[in-house]
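Reading through the structure tokens given below for one structure.
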Amino acid sequence: MSLIDTPNMSILERYLNLAAFRQELISSNIANIDTPGYKTVDIDFQRELSRAMTLPEGQSMPMVEQVQGLIQRPDGNNVSIDRESLLLSQTQMQFTAAIQLMRAEFQNLNEAINGGA
Amino acid sequence: MNLFGILDVSGSALTAERERAEIATSNLANMETTSTPEGGPYKRVQVVFTATHPQSTGFSNVLASVSDLQVEGVRVEGVVTDTAPPVRRYDPGNPEADAQGYVSYPNVNPSEEMVDLMGAARSYDLNVSAIAATKSMIESSIDILR
């Protein structure tokens, strides 16, 4: 740990990485909404985050799995518009929230550097 | 895991959905086409979608990691011709009429095409919202620099 690389920072960094990856999966699901036979994929966010905490930075590979319990259409596709659009905005807000926290962290640092002036 | 790669995924869907809409409008436009260069009436065509790894640009390729390989975009695998027989209508005055006075019209059902067109437009919209969400995420990360 150094002055800039605080524990909060590394937690936020892992959180952001995971949120960005989840966004990628959601976009992929949305892109394939009309592809016959395509199955919805996602990650278990909580589990992957706690796993990423135990590993060194950049070492974790999130485990992507097919989502169970979705209604399958006759063409074998099981992407749900509601689920994906909800997750899309949820992930976007999670990401923005983490970014705000990171900015606050930098602002604190900045204040310390400037001696509270 | 990079945000710019997400734009490639959604972008591939925009291309595919646009192509689907193009095909549907082409079917609608040729609803009454009774003769084609290949002979016979126009035949209804359909697109086939398949999941694929997005063709990313050079820059995002460099940033792509192993986990990105699990992410799939979409592309049009091919255009297939509908094998349904043409619709025969009695119209002896038509120059295309056969000996019995019947004309072969394309096997295009306008309601089916309209539904397909609406579906393509909806999916296109959905992907545009995904792009907007990703864009705002990229913008907020850039905000850290300010």
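Each protein sequence line maps, in turn, to chains A and B.
The first sequence runs 1 to 117 under this note's numbering.
The second sequence runs 1 to 146 under this note's numbering.
Note that CB positions come from ideal geometry on N, CA and C, so glycine has one too.
Source: prediction; values computed, not measured.
What in chain B is Cβ-close to residue i, meaning under 7 Å?
i        : result
A/Glu111 : What A/Glu111 touches in chain B: nothing, since even the nearest Cβ is about 16 Å away.
A/Ile81  : Leu126
A/Thr35  : Phe49, Thr50, Ala51, Val74
What are the boundary residues of the alpha helix (DSSP H) that includes residue i?
i        : result
B/Tyr124 : 110-143
A/Tyr15  : 7-31
B/Gly15  : The amino acid occupying residue 15 of chain B in the given sequence is Thr; Gly does not appear at that position. B/Thr15 -> alpha helix (DSSP H) spans 3-29.
A/Thr54  : 45-54
A/Ala97  : 81-113
Strictly below 9 Å CB to CB, what residues from chain A border residue i?
i        : result
B/Ala121 : Going along chain A, no residue has its Cβ under 9 Å from B/Ala121, so there is no contact; the nearest lies around 12 Å.
B/Met137 : Ala19, Ala20, Gln23, Thr91, Gln92, Phe95, Thr96, Ile99
Cβ of residue i less than 8 Å from any chain B Cβ?
i        : result
A/Met9   : no
A/Thr6   : no
A/Ala31  : yes
A/Ala104 : no
A/Ala20  : yes
A/Asp42  : no
A/Tyr171 : No answer is possible for residue 171 of chain A: it lies beyond the span of chain A, which begins at 1 and ends at 117.
Measure the Cβ-Cβ separation of residue i and residue j and say whether it is below 8 Å.
i       : j        : result
B/Glu96 : B/Thr34  : yes
A/Ala31 : B/Val74  : yes
B/Pro85 : B/Arg44  : no
B/Ala21 : B/Ala132 : no
A/Ser85 : B/Thr134 : no
B/Glu72 : B/Ala51  : yes
A/Val67 : A/Thr40  : yes
B/Phe49 : B/Val76  : yes
B/Asn27 : B/Glu113 : yes
A/Leu49 : A/Tyr15  : yes
A/Gly37 : A/Gly76  : yes
Is residue i close to chain A? Criterion is C-beta to C-beta, closer than 8 Å.
i        : result
B/Asp98  : no
B/Ser141 : yes
B/Glu22  : no
B/Leu117 : no
B/Ser12  : yes
B/Ala133 : yes
B/Thr50  : yes
B/Val87  : no
B/Val45  : no
B/Val108 : no
Please tell me whether, using a cut-off of 7 Å, the distance from the CB of residue i to the nearest non-hydrogen atom of the ligand ADP is below it.
i        : result
A/Gly115 : The model depicted lacks the ligand ADP and carries no ligand whatsoever.
Since residue i meets chain A, which of its residues come closer than 7 Å, beta carbon to beta carbon?
i        : result
B/Gly101 : Near B/Gly101 there are no residues of chain A at all, since even the closest Cβ is about 40 Å away, more than 7 Å.
B/Ala130 : Ser27, Ile30, Leu88
B/Gly78  : Neighbours of B/Gly78 on chain A: none; closest Cβ ~13 Å, over 7 Å.
B/Val71  : Glu24, Leu25, Ser28
For the beta strand (DSSP E) containing residue i, list its first residue and its last residue.
i        : result
B/Arg75  : 73-81
B/Arg89  : 87-90
B/Ser104 : 102-105
B/Thr52  : 45-52
So which residues on chain A does residue i lean against when the C-beta distance must stay under 8 Å?
i      : result
B/Phe4 : Those do not exist, as B/Phe4 stays about 10 Å from chain A at its closest Cβ, beyond 8 Å.
Who are the neighbours of residue i on chain B, taking C-beta pairs under 8 Å?
i       : result
A/Gln66 : Residues of chain B passing the Cβ test: none, with the nearest at roughly 11 Å.
Starting from residue i, find everything on chain B with Cβ-Cβ shorter than 9 Å and list it in chain order.
i       : result
A/Ser85 : Leu126, Ser129, Ala130
Tell me whether the segment 14-28 of chain A and the segment 91-100 of chain A touch, counting them as touching only if at least three CB pairs, one residue from each stretch, are closer than 8 Å. yes
Could you say if the segment 74-91 of chain B and the segment 94-106 of chain A meet the contact criterion of at least three C-beta pairs nearer than 8 Å? no
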